[in-house]
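Below you'll find the structure, written out as structure tokens, and then a few comments.
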Amino acid sequence: MERTLVIVKPDAVQRGLIGEVIARIERTGLKLVALKLSKIDRETAHTHYQEHVNKPFFQGLVNFITSGPVVLAVFEGPNAVSIVRKTMGATNPVDSVPGSIRGDLAISLGRNVIHGSDSPESAEREISIFFSPDEILSYERAIDNWILERD
Ligand code: IDP
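The sequence shown lines up with residues 1 to 151 when you count with the UniProt record's numbering.
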């Protein structure tokens, strides 16, 4: 079963949007398997955003993601990465469609509310940065037969 990392970014925490963002992903049917409020330190931010280390916006991105508390979550389910990316909307809120999290809740590229892993491989790497295996829960939901087509 695929997993993906979600970060409710510092702007969304300050704006009181934690519940709104998590609820939109919960409503897809994906299962929440880990959740915590945390502050990301600069070293961890560098590790997480290592693919952007040479980009001009890197320092600004690190300053922003370390600027206040974030909510870290792991969601699980078939195609979890793609389902969350679709629910998030495009990286730049100018391009994210209405109905998506960024399309509805953001207007700036550098204050775009949410991070979601961009591939199953990134998800595995990113989840291991923020969560130990014992923080990721395994449990059944009675409603799963109404969400997952398992035949
Ligand atoms: P993603 O968050 O949609 O996966 P990435 O390309 O991985 O997008 O970029 C990570 C984050 O860096 C974005 O969410 C955005 O906040 C920021 N970012 C990306 N490109 C730019 C840019 O050109 N200028 C400023 N910030 C950027």
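Cβ atoms here follow ideal geometry from the backbone N, Cα and C, with glycine treated the same way.
Start-to-end residues for the beta strand (DSSP E) that takes in residue i
{"i": "residue 37", "result": "31–38"}
{"i": "residue 47", "result": "That residue, residue 47, is in no beta strand (DSSP E); its alpha helix (DSSP H) goes 42–48."}
{"i": "residue 75", "result": "70–76"}
Bounding residues of the alpha helix (DSSP H) (the contiguous stretch that carries residue i)
{"i": "residue 130", "result": "120–130"}
{"i": "residue 87", "result": "80–88"}
{"i": "residue 23", "result": "18–26"}
{"i": "residue 65", "result": "58–65"}
{"i": "residue 13", "result": "10–14"}
Burial state of residue i (16 or more Cβ within 10 Å)
{"i": "residue 52", "result": "exposed"}
{"i": "residue 56", "result": "exposed"}
{"i": "residue 1", "result": "exposed"}
{"i": "residue 69", "result": "exposed"}
{"i": "residue 144", "result": "exposed"}
{"i": "residue 23", "result": "exposed"}
{"i": "residue 9", "result": "buried"}
{"i": "residue 79", "result": "exposed"}
{"i": "residue 93", "result": "buried"}
{"i": "residue 31", "result": "buried"}
{"i": "residue 100", "result": "buried"}
{"i": "residue 126", "result": "buried"}
Those residues which DSSP pairs with residue i across a bridge
{"i": "residue 133", "result": "Partner(s): none; residue 133 has no beta bridge."}
{"i": "residue 111", "result": "108"}
{"i": "residue 99", "result": "Bridge partners of residue 99: none, in fact."}
{"i": "residue 182", "result": "It is not possible to answer for residue 182, since the shown part of the chain is limited to 1 through 151."}
Supposed contact pair residue j and residue i - C-beta distance, whole angstroms, cut 8 Å
{"i": "residue 45", "j": "residue 62", "result": "5 Å"}
{"i": "residue 170", "j": "residue 87", "result": "Examination of residue 170 is not possible in this model, given that the chain is present from 1 through 151 alone."}
{"i": "residue 34", "j": "residue 137", "result": "7 Å"}
Chain B contact for residue i (CB, 9 Å cutoff)
{"i": "residue 67", "result": "Going by chain labels, chain B is absent from the structure shown, which holds only one protein chain."}
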